[in-house]
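Beneath this line is the structure, given in C-alpha coordinates, with notes to follow.
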Amino acid sequence: ASSKRALDELDILFEALDRSKCISKVVFDLSLARGLDYYTGVIYEAVFKGTTQVGSIAAGGRYDNLIGMFGTKQVPAVGVSLGIERVFAIMEQVQKDRNQVR
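Numbering-wise (our numbering), the sequence shown opens with residue 922 and increments by one.
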(Lines of atoms letter the chains of each structure in order from A and count residues from 1; the text may use other names and numbers.)
(Lines give C-alpha, C1' and ligand atoms only; values in the text may rest on other atoms or scores of the structure.)
Protein backbone atom coordinates (compact mmCIF):
# COMPACT_ATOMS: atom_id res chain seq x y z
CA ALA A 1 0.00 0.00 0.00
CA SER A 2 2.79 2.46 0.82
CA SER A 3 4.58 1.80 -2.47
CA LYS A 4 1.32 2.43 -4.37
CA ARG A 5 0.91 5.70 -2.47
CA ALA A 6 4.50 6.68 -3.29
CA LEU A 7 3.92 6.03 -6.99
CA ASP A 8 0.69 8.04 -6.88
CA GLU A 9 2.57 10.95 -5.28
CA LEU A 10 5.25 10.78 -7.99
CA ASP A 11 2.53 10.82 -10.64
CA ILE A 12 1.07 13.99 -9.09
CA LEU A 13 4.53 15.56 -8.91
CA PHE A 14 5.37 14.84 -12.55
CA GLU A 15 1.97 16.06 -13.73
CA ALA A 16 2.61 19.36 -11.92
CA LEU A 17 6.11 19.61 -13.40
CA ASP A 18 4.72 18.97 -16.86
CA ARG A 19 2.03 21.64 -16.47
CA SER A 20 4.63 24.16 -15.27
CA LYS A 21 6.81 23.45 -18.35
CA CYS A 22 9.89 22.61 -16.28
CA ILE A 23 9.86 18.82 -16.50
CA SER A 24 12.84 18.87 -18.88
CA LYS A 25 14.97 20.30 -16.06
CA VAL A 26 14.10 17.52 -13.59
CA VAL A 27 15.98 14.23 -13.25
CA PHE A 28 14.43 11.29 -11.42
CA ASP A 29 17.20 9.57 -9.44
CA LEU A 30 16.34 6.44 -7.44
CA SER A 31 19.83 6.42 -5.90
CA LEU A 32 19.33 9.75 -4.11
CA ALA A 33 19.44 9.15 -0.37
CA ARG A 34 19.64 11.64 2.45
CA GLY A 35 21.13 10.44 5.72
CA LEU A 36 18.23 11.43 7.93
CA ASP A 37 15.54 9.02 9.09
CA TYR A 38 12.77 11.60 9.52
CA TYR A 39 11.98 11.81 5.80
CA THR A 40 8.69 10.07 5.09
CA GLY A 41 8.23 10.50 1.36
CA VAL A 42 9.80 12.21 -1.60
CA ILE A 43 13.22 13.80 -1.12
CA TYR A 44 14.80 16.25 -3.52
CA GLU A 45 17.93 18.22 -4.31
CA ALA A 46 18.50 21.21 -6.55
CA VAL A 47 21.82 21.36 -8.39
CA PHE A 48 23.16 24.25 -10.49
CA LYS A 49 24.31 23.01 -13.90
CA GLY A 50 26.72 25.75 -14.90
CA THR A 51 30.42 26.49 -14.90
CA THR A 52 30.54 26.72 -11.11
CA GLN A 53 30.15 23.28 -9.56
CA VAL A 54 29.19 23.57 -5.89
CA GLY A 55 27.06 20.47 -5.46
CA SER A 56 23.54 20.72 -4.16
CA ILE A 57 22.20 24.26 -3.62
CA ALA A 58 18.92 23.15 -2.02
CA ALA A 59 17.53 19.94 -0.55
CA GLY A 60 14.53 18.76 1.37
CA GLY A 61 11.56 16.45 1.40
CA ARG A 62 8.51 15.17 3.27
CA TYR A 63 8.70 15.29 7.07
CA ASP A 64 5.28 13.95 8.03
CA ASN A 65 6.36 12.64 11.45
CA LEU A 66 8.92 15.27 12.43
CA ILE A 67 6.57 17.70 14.21
CA GLY A 68 5.07 14.82 16.20
CA MET A 69 8.53 14.02 17.57
CA PHE A 70 8.43 17.34 19.43
CA GLY A 71 4.75 17.50 20.33
CA THR A 72 1.61 15.44 20.60
CA LYS A 73 0.15 16.09 17.15
CA GLN A 74 1.28 14.63 13.82
CA VAL A 75 1.31 17.28 11.09
CA PRO A 76 2.13 16.55 7.43
CA ALA A 77 4.99 18.80 6.34
CA VAL A 78 7.41 19.56 3.52
CA GLY A 79 10.65 21.43 4.01
CA VAL A 80 13.69 22.68 2.17
CA SER A 81 17.10 24.01 3.11
CA LEU A 82 18.93 26.45 0.88
CA GLY A 83 22.72 26.67 0.63
CA ILE A 84 23.01 30.47 0.64
CA GLU A 85 26.82 30.46 0.50
CA ARG A 86 26.72 28.14 -2.51
CA VAL A 87 24.16 30.35 -4.26
CA PHE A 88 26.35 33.40 -3.59
CA ALA A 89 29.40 31.56 -4.98
CA ILE A 90 27.45 30.87 -8.18
CA MET A 91 26.28 34.49 -8.39
CA GLU A 92 29.85 35.76 -7.97
CA GLN A 93 31.12 33.45 -10.72
CA VAL A 94 28.30 34.47 -13.08
CA GLN A 95 29.19 38.13 -12.49
CA LYS A 96 32.89 37.44 -13.16
CA ASP A 97 31.99 35.60 -16.36
CA ARG A 98 29.85 38.53 -17.53
CA ASN A 99 32.65 41.00 -16.82
CA GLN A 100 35.14 38.91 -18.84
CA VAL A 101 32.84 38.95 -21.87
CA ARG A 102 32.78 42.76 -22.00
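For every residue, glycine included, the Cβ atom is placed at its ideal position computed from N, Cα and C.
No experiment lies behind these values; they were computed from the predicted model shown.
C-beta atoms of residue i and residue j nearer than 9 Å
i       : j       : result
Gly-989 : Val-999 : no
Ser-952 : Gly-981 : no
Which of helix, strand or coil DSSP assigns to residue i
i        : result
Gly-1004 : coil
Val-947  : coil
Ala-967  : strand
Val-1015 : helix
Nonlocal neighbours in the same chain, by C-beta distance under 6 Å from residue i, ignoring five residues either side
i        : result
Tyr-959  : Tyr-984, Leu-987
Gln-1014 : Thr-973
Neighbourhood of residue i by C-beta distance below 7 Å, restricted to the same chain and skipping five residues each side
i        : result
Leu-934  : Val-963
Ala-1010 : Thr-973, Val-975
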